[in-house]
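Undergrad: Under mature numbering (1 follows the signal peptide of the UniProt record, and there is no 0), the residues of the sequence shown are numbered -35 to -1, 1 to 116, in order.
First the structure, which I've put down as structure tokens, then a few questions once you've had a look.
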Amino acid sequence: MGVSTPAFSSRLTSSLRVAGLGLGLMLLTSTASQAQTWMVSTDAFMKLGVMDKFGSLGTYTAKFVVTNNTSGKTYFLTKEIASGQNGIDVVFPSEPTEADYFKAESGEAARALPGPYTWECQVSGKKVVGGKFSFPETFNDVTTLVADKKK
């Protein structure tokens, strides 16, 4: 004795498969184009460096000292320069997640606050290089680009 499947059930199954395929294709196709939204992230920093131009010192310790002239806070970062390396560049303020970062004697991490700064690098307790810089009032001065719609 054979088992028969009603024709109605077979047509319903086929119709549901076609409907499912159609729905899936509609979900995968792109809808009307919308404007692109962008997020922005900017960080202000200053790269400071020192170099024993002729490599005559061999291994030495460079102590970078940065002072915020507005608040009077001073931040320090000490780096060992290996023989043959001659020099090093550091970034102020450095991320506090790094092993070495600019910090005050209290341990407070430096931040890029607006205003003027002075810096120097000391080797063997003597100032060997230094200067001034400032961070602007607005770091995220962003220009938004708008595409012209073609007619």
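All C-beta atoms in this analysis are idealised placements derived from N, C-alpha and C, irrespective of residue type, glycine included.
Could you tell me the alpha carbon to alpha carbon distance between Q50 and G20, rounded to whole angstroms?
TA: For the purposes of this step, residue 50 is taken as residue 85 along the sequence shown, with counting starting at 1. For the purposes of this step, residue 20 is taken as residue 55 along the sequence shown, with counting starting at 1. Answer to the nearest angstrom: the Cα atoms are 8 Å apart.
Undergrad: Would you check if the distance between the CB atom of F100 and the CB atom of M11 is smaller than 9 Å?
TA: Taking the sequence shown and counting its residues from 1, one reaches residue 100 at position 135. Taking the sequence shown and counting its residues from 1, one reaches residue 11 at position 46. Taking 9 Å as the Cβ cut-off, F100 and M11 qualify as a contacting pair.
Undergrad: Look at the Cβ atom of G80, then the Cβ atom of N33, and state whether they are nearer than 9 Å.
TA: Along the sequence shown, one-based indexing puts residue 80 at 115. Along the sequence shown, one-based indexing puts residue 33 at 68. Result yes, Cβ atoms of G80 and N33 sit closer than 9 Å.
Undergrad: Exposed or buried, which one is L(-20) when buried takes at least 16 other CB atoms within 10 Å?
TA: Mapped onto the sequence shown, residue -20 falls at position 16. L(-20) is exposed by the Cβ-count criterion.
Undergrad: Please state the DSSP three-state secondary structure of L13.
TA: Along the sequence shown, read from residue 1 onward, the residue named residue 13 stands at position 48. In the structure shown, L13 sits in a strand (DSSP, three-state: E or B).
Undergrad: Could you tell me the distance, in whole angstroms, from the CA atom of P58 to the CA atom of G52?
TA: By one-based count along the sequence shown, residue 58 stands at place 93. By one-based count along the sequence shown, residue 52 stands at place 87. Their backbone Cα atoms lie some 19 Å apart in a straight line.
Undergrad: How big is the Cα-Cα spacing for K97 and K44?
TA: Sequence index remark: in the sequence shown, residue 97 carries index 132 (1-based). Sequence index remark: in the sequence shown, residue 44 carries index 79 (1-based). Their backbone Cα atoms lie some 20 Å apart in a straight line.
Undergrad: Which of the three DSSP states, helix, strand or coil, is assigned to G(-16)?
TA: Against the sequence shown, residue -16 aligns to sequence position 20. Residue state, collapsed to three classes: helix.
Undergrad: State buried or exposed for A(-17), treating a residue as buried only when at least 16 other CB atoms are found within 10 Å of its CB.
TA: For the purposes of this step, residue -17 is identified with residue 19 of the sequence shown, where counting begins at 1. Counting Cβ neighbours within 10 Å, A(-17) comes out exposed, since fewer than 16 surround it.
Undergrad: For S36, tell me which candidate among S(-22), A75, V88 and K91 has the shortest Cα-Cα distance.
TA: By 1-based counting over the sequence shown, the position of residue 36 is 71. Ranking the options by Cα distance to S36, first place goes to A75.
Undergrad: Secondary structure at T83, three-state DSSP: helix, strand or coil?
TA: To locate residue 83, count along the sequence shown from 1; it is residue 118. Here T83 sits in strand by DSSP.
Undergrad: Quick one: does the C-beta of E73 sit closer than 8 Å to a heavy atom of the ligand HEM?
TA: Ligands are entirely absent from the displayed structure, and the ligand HEM is therefore not among its contents.
Undergrad: DSSP state of residue 119, grouped into three classes?
TA: Outside the modelled stretch of the chain, which goes from -35 to 116, sits residue 119, for which no answer is possible.
Undergrad: Considering only C-alpha positions, which residue in the set D8, E102, E63 and V55 is nearest to C86?
TA: For the purposes of this step, residue 86 is taken as residue 121 along the sequence shown, with counting starting at 1. Comparing Cα-Cα distances from C86 to each of D8, E102, E63 and V55, the minimum goes to V55.
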